[in-house]
Amino acid sequence: MAIRTLSNWAAEEAANPLIPHTAELVVGFIAFTLLFLVLRSKVVPMFEKAFAERTDAIAGGIERAEKAQRDAEIALQKYTSQLSDAQGEAQKIREDARVQGAAIIEDLRSKAQEEAARITAAATASIEAERQQAITSLRNEVGALATELASKIVGEALDDQVRQSRIVDRFIADLEKSK
Amino acid sequence: MSLLLSGDEGFTPPSTADFNLPPVFGDNPYTTKPVFLVFLSVIVVSAFFIAASRKALVMPTKLQFAGESIYAFVRNDLARDVIGHEFMRFVPYLFTLFTFILTNNIFGIVPLLQFPAMSRVSFPYVLAIFTFVIFHYVAIKHKGILPYLKEIMFMPGVPKPVYILLTPIELATYFVVRPLTLSLRLFANMFAGHLLLLVFILGGDHLLKGVIGLKLVSPFAFAFGIGLTFFEFMVQCLQAYIFTLLTALYIAGALADEH
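Which chain is which? The protein sequence lines are L and A, in order. Mapped onto UniProt numbering, the consecutive letters of the first sequence carry residue numbers 1 to 179. Mapped onto UniProt numbering, the consecutive letters of the second sequence carry residue numbers 1 to 259.
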């Protein structure tokens with residue numbers, strides 16, 4: 001039976017393979033349209049989304065890297081300039097310190113010299129005073145001793161105080177004159 | 001096919017009648033094998049690509065990568081490279097065209113299915129009509145109907161008397177030759193390929209039933225049939241590609257400004 005049906009069908013339709021069949025044209029139209037609608041609405045947008053996201057991810061990554069590099073360069077420039085500023089400042093501070101140090105030393109030195117001069121002057125004055133004192137007391141003592149000695153030798157009591165002094169003074173003055 | 005091999009009356013070579021498969025249910029012409037195969041292809045292609053594109057991940061899975069590769073091939077190598085900057089509008093159509101033809105062609109060598117629906121001329125006709133309508137529509141919309149017809153009929157830079165010859169040729173090219181060659185190329189390739197496979201496989205089968213000498217030859221027929229199957233696979237892919245490529249070219253021509 002099946003064979004008969006097939007041969008009948010085949011015989012009816014075998015005429016020309018280039019003649020289209022209405023049923024197949026309809027089916028082809030519907031099937032293709034259906035597939036087109038499915039692929040256009042469900043598949044193409046999703047693939048496009050994936051592509052776009054991928055492009056984004058790659059492009060975004062590159063952009064981020066470039067931005068990071070730019071930031072790093074700016075930071076580097078900032079630090080470099082800060083470093084050179086700091087170096088300049090340090091140089092200035094050192095210079096100032098050197099100048100100040102020299103001034104302080106100079107100041108101290110002059111103060112010390114003044115002090116030394118003052119001490120020297122004071123010492124000289126005190127030595128002079130002591131010398132005068134020594135001379136005065138020596139003169140008195142030498143006078144007394146000489147009078148005593150002379151009186152012993154002369155045997156003459158020279159106990160008159162006034163005469164004694166006069167004699168001594170005369171003697172010393174003679175002594176100074178002869179010098 | 002059992003018809004052809006019934007009894008010992010000798011080998012009946014496969015013919016065009018072998019492409020007229022009977023309806024499965026009664027006399028309803030919407031229940032033939034090619035009809036089922038075409039709908040099956042719609043289901044298979046839809047299911048595959050929906051599954052592949054559903055997640056749209058930046059780092060694709062293997063399935064997504066496979067689907068994407070096919071899509072990217074049609075999108076970039078066919079649509080974008082041929083049509084140019086306006087290509088995105090036509091990607092869904094070209095993509096559908098390519099996957100639809102490819103799947104139906106490959107059904108020709110898939111075990112159990114083993115029938116290329118495109119060897120039924122109606123289907124290539126439908127596809128060619130779609131392409132025909134689209135590229136004319138695009139051209140008319142882009143250039144206006146009169147300038148478009150003028151461009152076809154009076155190609156610029158040609159001496160006037162030549163138009164006597166050229167105008168009919170150009171008109172025929174745009175309105176008859178293009179859709180006809182598009183559909184017949186696909187149809188004929190699938191038709192001939194299937195016929196060729198039938199000859200070698202059925203022939204081998206028939207030889208196997210013959211005397212001992214013929215039985216020994218039979219494996220060669222089968223081997224050749226298998227070899228041809230691989231060849232057919234190549235042709236099936238190529239025809240899907242050519243149909244899509246030509247459609248893209250026609251659309252590109254419709255969008256191109258005067259030469």
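Just so you know, even glycine gets a beta-carbon here, dropped at the ideal spot from N, CA and C. These numbers come from a predicted model, not from an experiment.
- Leu97/A and Ala240/A have their C-alpha atoms roughly 8 Å apart.
- Under the three-state reduction of DSSP, Lys55/A is assigned to coil, being neither helix nor strand.
- In chain order, Pro23, Val24 and Phe25 place their CB closer than 6 Å to the CB of Thr31/A, counting only its own chain and leaving out the 5 sequence neighbours on each side.
- Around the CB of Arg163/L, fewer than 16 other CB atoms lie within 10 Å, so the residue is classed as exposed.
- Taking CB atoms only, Gly61/L has no neighbour in chain A less than 7 Å away.
- For Arg120/A, at least one C-beta of chain L is nearer than 7 Å to its own C-beta.
- When C-beta atoms of the stretch 173-180 of chain A are compared with those of the stretch 125-133 of chain A, three or more pairs fall below 8 Å, so the two segments count as touching.
- Residue state for Phe11/A is assigned as coil, using DSSP reduced to three classes.
- Between Val27/L and Ser46/A, the CB-CB gap reaches or exceeds 7 Å.
- A residue is called buried when at least 16 other Cβ atoms come within 10 angstroms of its Cβ; Tyr93/A meets this threshold and is buried.
- About 15 Å separates the CB atoms of Ala50/L and Val74/A; that is not less than 8 Å, and the two are not in contact.
- Put simply, the CB of Tyr71/A is near chain L, with a gap under 7 Å to one of its CB atoms.
- Interface annotation for the stretch 34-56 of chain L against chain A: Leu34, Leu35, Phe36, Val38, Leu39, Arg40, Lys42, Val43, Val44, Met46, Phe47, Lys49, Ala50, Glu53 and Arg54, criterion Cβ-Cβ distance under 7 Å.
- The closest CA to that of Gly253/A, considering only His206/A, Ile242/A and Tyr137/A, is found on Tyr137/A.
- Going by beta carbons, Ala221/A and Leu207/A fall inside the 7 Å limit.
- Closer than 9 Å at the C-beta level to chain L, one finds these residues of the stretch 44-57 of chain A: Val45, Ser46, Phe49, Ile50, Ala52, Ser53, Arg54, Lys55, Ala56 and Leu57.
- Just measuring C-alpha positions, the residue of Ile251/A, Tyr250/A and Thr244/A sitting nearest Phe100/A is Thr244/A.
- Against chain A, the beta carbon of Ala65/L has no neighbour under 9 Å; the closest one sits roughly 18 Å away.
- Not a single CB atom of chain L sits nearer than 7 Å to the CB of Glu151/A.
- Contact of Gly88/L with chain A is not assigned, every C-beta pair being separated by 7 Å or more.
- Residues Leu196, Leu197 and Phe200 of the same chain have their beta carbon placed closer than 7 Å to that of Leu228/A, with the five preceding and five following residues left out of the count.
- Per DSSP, reduced to three states, the secondary structure at Gly101/L is helical.
- For the stretch 163-186 of chain A, the set of positions with a beta-carbon nearer than 7 Å to some beta-carbon of chain L is empty.
- Per DSSP, the continuous alpha helix (DSSP H) segment holding Glu151/A begins and ends at Ile145 to Met153.
- For Phe100/A, the neighbours in chain L by C-beta distance under 7 Å run, in chain order, Phe32 and Leu35.
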